[in-house]
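Following: one structure in structure tokens, then a few remarks.
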Amino acid sequence: MKILIVKDYDEMSKKAANMVASQIILKPESVIGLATGDTPKGMYRQLVKLYKDGYVDFKNVKTFNLDEYYGLEKDNPQSYNYYMMENLFKHVNIKRENINIPNGMAEDLEIECEEYEKKIEELGGIDLQVLGIGRNGHIGFNEPDLKFEAKTHLVRLDEDTIKANSRFFNSIEEVPTMAISMGIKTIMNARKIILLASGKEKAEAIYKTVNGKITPKVPASVLQLHPDVTLIIDKEAASLL
Ligand code: GLP
2 MKILIVKDYD EMSKKAANMV ASQIILKPES VIGLATGDTP KGMYRQLVKL
52 YKDGYVDFKN VKTFNLDEYY GLEKDNPQSY NYYMMENLFK HVNIKRENIN
102 IPNGMAEDLE IECEEYEKKI EELGGIDLQV LGIGRNGHIG FNEPDLKFEA
152 KTHLVRLDED TIKANSRFFN SIEEVPTMAI SMGIKTIMNA RKIILLASGK
202 EKAEAIYKTV NGKITPKVPA SVLQLHPDVT LIIDKEAASL L
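Mind the numbering: the sequence shown is residues 2 to 242 in this note's numbering, read in order.
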């Protein structure tokens with residue numbers, strides 16, 4: 002595990018965007034795994050800037066998002082689909098057919114999950130996966146559990162996650178209680194992973210990710226077993242290391 006401790010959110014965002022951009026420059030048809038939440042917003046802003054300045058071209062890039070809420074329409078402003086459009090996709094030249102986000106409204110969720118996995122495989126696997134981290138150590142929506150869930154699956158969200166994510170909704174009752182998420186194996190199969198974290202409230206999760214026992218109770222701890230993970234974290238998130 003490589004750990005890059007940076008000054009603040011801004012530096013974290015720039016470093017992360019540069020890593021994604023260099024992946025795309027080296028391999029223009031890269032398959033990139035993307036994350037949502039507040040943490041990667043600055044990285045997306047930087048990527049849009051790099052695109053507008055002509056440094057990076059999304060023409061042949063393919064993307065797979067980590068997760069999506071169950072039961073939200075694509076155009077619902079709280080959906081991750083909407084988030085991705087607003088924060089990245091509508092500002093760059095990515096082709097719509099190259100964007101993959103789990104469909105939270107799928108009639109048959111089992112088929113939806115299977116097909117998502119199949120598509121990742123068909124496109125040759127994920128070259129670079131971007132991750133955030135939940136306060137409870139979740140990655141994607143893989144919540145603390147008794148076992149690691151391997152593949153894309155339907156998840157019941159933890160109280161803590163629902164509470165944390167309620168800041169994006171009008172009330173806590175509006176937060177979906179379920180989501181579709183890539184599994185731990187899906188994430189671990191990525192050739193390269195970068196995990197971003199900023200702020201004190203992530204410090205404990207980062208400590209456990211780096212120094213803790215590898216356990217499904219802290220899903221991100223499994224990253225200790227991945228051969229190419231870089232943590233890009235600011236001083237506050239690194240404060241317990
Ligand atoms: C959500 C997402 C995760 C994200 C996490 C942290 O629950 N499913 O992918 O990493 O929250 O979010 P934030 O970056 O807003 O703290």
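Even glycine gets a Cβ: it sits at the ideal position worked out from N, Cα and C. Since we're looking at a predicted model, the values are computed, not measured.
Any idea if Lys-209 is buried or exposed, counting beta-carbon neighbours within 10 angstroms, 16 or more meaning buried?
buried
Neighbour flag for Gly-55 against chain C, beta carbons, 7 Å
Chain labels in this structure do not include chain C; a single protein chain is all it has.
Is Gly-138 a contact residue of the ligand GLP, with contact defined as CB to any heavy atom under 6 Å?
no
On a CA-only basis, which of Gly-200, Ile-185 and Asn-101 is nearest Ile-233? Give me that one, please.
Gly-200
Give me the Cα-Cα distance between Asn-1 and Leu-27, rounded to the nearest whole angstrom.
No answer is possible for residue 1: it lies beyond the span of the chain, which begins at 2 and ends at 242.
Say the cut is 6 Å; is the CB of Asp-11 nearer than that to a heavy atom of the ligand GLP?
no
Under 8 Å by Cβ, that's how I've got Ala-221 and Ile-121 pegged, so tell me the actual separation to the nearest angstrom.
With a Cβ gap of about 20 Å, Ala-221 and Ile-121 do not count as contacting.
Quick one: is the Cβ of Ala-36 within less than 6 Å of any heavy atom of the ligand GLP?
yes
Comparing the CB of Phe-169 with every heavy atom of the ligand GLP, is any distance shorter than 6 Å?
no
Going by DSSP in three states, Leu-5 sits in which element: helix, strand or coil?
strand
Thinking C-alpha only, which one of Phe-65, Cys-114 and Ser-167 is nearest Leu-132?
Phe-65
Measuring only from the beta carbon, is Asp-68 closer than 6 Å to any heavy atom that is part of the ligand GLP?
yes
Contact defined as beta carbons within less than 8 Å: I believe Leu-242 pairs with Leu-196. What is the distance between those atoms, to the nearest angstrom?
Not confirmed; about 13 Å, so no contact.
Comparing the CB of Thr-40 with every heavy atom of the ligand GLP, is any distance shorter than 6 Å?
yes
Where are the alpha helix (DSSP H) runs, 4 residues long or more, that stay fully inside the stretch 161 to 211, in chain order?
185 to 189
Would you call the CB atoms of Ile-25 and Val-62 closer than 7 Å?
yes
Close beta carbons around His-227, own chain, < 7 Å, minus the five adjacent residues each side
Met-189 and Ile-194
Report the rounded CA-to-CA distance for His-154 versus Thr-162, giving the unit in angstroms.
17 Å
How would you call Ile-173, buried or exposed, if buried means at least 16 neighbouring beta carbons within 10 angstroms?
exposed
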